[in-house]
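Have a look at the structure below, then the notes.
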Amino acid sequence: MSNLTNEQIQQLVTNGWCLVKSDQAQSEMAARRALRTINQWCADVPMPSRSGGMNCYSLRDFSESSFCSDIRTSPAFLDLVGKTAIRDIVYNLIGETDDIFPQIALRFPDKESSHHNGWHVDGFRRTNEIDCFNLLAGFYLSSVPDEDCGNFTVWPGSHVKLARLFSSPTVRRYLATHQIAEVIGLMRKLDFGEPLQVLADVGDVVLCHSLLCHGPNSNTS
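Residue numbers (the working numbering): 9 to 229.
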């Protein structure tokens, strides 16, 4: 069974996230297969002649859900967890589970100057429902050695502040009555400090608490 180090566990508890390097995760080859699958998908997508790229509204919609949605549950992506050491690491943290919901998040270059795009917490729907989950595992399919390269960005410690907020009687009442908009309004009033852009190599994995604030940074590389 693969385990996190004591330092990684402490990071996960205190900061809400930790980085698992590819050699520990045994995931570099799986990450390269997943990237190859995405590239093959892109090569097969018919584009209009003299196209300037994908429609900006499509890009925005994809970035809020998943690119390549028709292949995201294919073996290339399920194997990122199922056939790497991450499976045992996850099982040690939350118990055995077959519930894996892949998302493919591509970050194309931006025209604007560097900025981060703000934070969010996964699971909050616009339909006044919350999709509960235990753990977020982000696999790097390409290296991100510098900032402002579309980095996965975290707000360390934000999970603790949100846990305190969600335990308050007011928020418990809102959640019980599905008043999610009110909950999000209270979340937006909290100060989570400065964001941190995660640097990583191919096959590295970011493990995050389900309440950790995170988001994509702009890609001006």
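Backbone N, C-alpha and C define an ideal beta-carbon position, used for all residues, glycine too.
- Comparing alpha carbon positions, the residue from 167, 195 and 168 closest to residue 179 is 195.
- For residue 128, DSSP records a beta bridge to 222.
- The C-beta distance from residue 188 to residue 132 rounds to 6 Å, short enough to fall under 8 Å.
- Between the stretch 199-211 and the stretch 37-50 there are three or more C-beta pairs closer than 8 Å, enough to call the two in contact.
- Cβ-Cβ distances below 8 Å link residue 156 to 122, 205, 225, 226, 227, 228 and 229 in the same chain, with the five nearest sequence neighbours on each side left out; the list follows chain order.
- About 6 Å separates the Cβ atoms of residue 214 and residue 27, confirming a contact at the 8 Å cut-off.
- Sequence-distant Cβ neighbours of residue 111 in its own chain, meaning closer than 6 Å and more than five residues away, are 74.
- Of the candidates 166, 181 and 11, the residue whose Cα lies closest to the Cα of residue 95 is 11.
- Taken through DSSP and simplified to helix, strand or coil, residue 146 comes out as strand.
- With contacts defined by Cβ atoms closer than 8 Å, residue 217 and residue 25 form a contacting pair.
- Under the DSSP assignment, residue 89 falls outside any beta strand (DSSP E), being part of the alpha helix (DSSP H) whose first and last residues are 83-90.
- The alpha-carbon separation between residue 184 and residue 81 amounts to approximately 32 Å.
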